[in-house]
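Right, one structure below, let's go through it.
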Amino acid sequence: MIDLGLSKMALIGVVALIVIGPEKLPRVARTVGTLLGKAQRYVNDVKAEVNRSMELDELRKMKENVETAARDVEQSVRSGAADFEKEWSDAVGPSSPALQEPPSYPEYRHPRKKWRLKQGATPHWYKARNGIRTRALSGAARVARYRPKKFD
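In terms of this note's numbering, the sequence shown opens at residue 7 and continues consecutively.
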């Protein structure tokens, strides 16, 4: 930007104080500061846009290089596969399609699982001995079971 030293700034301040006057000087300084800030932001935006466009051009060139390399590899793989198929067909010899069997697919068999039957890993005798519940109780059944007994 503009290279201003301390002496030049002081000279500009004195001239501005004489020309503008002490009443309007703060408002003018604030306006000049905001304008300088806007100018700096604009310059930074322009620099960022230029950098982005340069990076985009570089990426575009890289993309073209990668695409050409991929095409070359694809072409070499295709030519290699074609050569291999030709050599294979020459080595195996001609085979008639009538001699080949059609592919057989496995037949579906139902697994016969009883998915409704829940089987836990803990044996029932262990649950019965330790008092672990195996069935859910309704609220009324729970109240009836744990109701204190009357002694007469």
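Quick reminder that beta carbons are idealized off the backbone N, C-alpha and C, glycines included.
For the alpha helix (DSSP H) containing residue i, list its first residue and its last residue.
{"i": "G137", "result": "Where G137 is concerned, there is no enclosing alpha helix (DSSP H), given that its DSSP letter is neither H nor E."}
{"i": "G145", "result": "145 to 151"}
Quick check: the Cα distance between residue i and residue j, rounded to an integer number of angstroms?
{"i": "M186", "j": "W121", "result": "Since the first residue shown for the chain is 7 and the last is 158, residue 186 is missing from the structure and cannot be characterised."}
{"i": "D96", "j": "V83", "result": "20 Å"}
{"i": "A22", "j": "A35", "result": "9 Å"}
{"i": "E29", "j": "G11", "result": "26 Å"}
{"i": "G126", "j": "T140", "result": "10 Å"}
{"i": "G27", "j": "L42", "result": "21 Å"}
{"i": "V38", "j": "L62", "result": "36 Å"}
{"i": "Y132", "j": "A142", "result": "18 Å"}
{"i": "F157", "j": "V149", "result": "18 Å"}
{"i": "N136", "j": "K155", "result": "23 Å"}
{"i": "K14", "j": "R58", "result": "37 Å"}
{"i": "P108", "j": "N71", "result": "46 Å"}
{"i": "Q46", "j": "G19", "result": "21 Å"}
{"i": "A54", "j": "R66", "result": "18 Å"}
{"i": "D78", "j": "W94", "result": "24 Å"}
{"i": "E64", "j": "T74", "result": "16 Å"}
Closest by CA to residue i, which one among the options?
{"i": "I138", "options": "R33, R66, P129, P154", "result": "P129"}
So that I know if they touch, is there some Cβ in chain B lying closer than 8 Å to that of residue i?
{"i": "N71", "result": "Judged by its chain identifiers, the structure shown contains no chain B, having just a single protein chain."}
Could you tell me which whole alpha helix (DSSP H) segments of length 4 or greater appear in the stretch 26 to 110? Listed in chain order, the complete alpha helix (DSSP H) runs (minimum 4 residues) inside the stretch 26 to 110 are 31 to 98.
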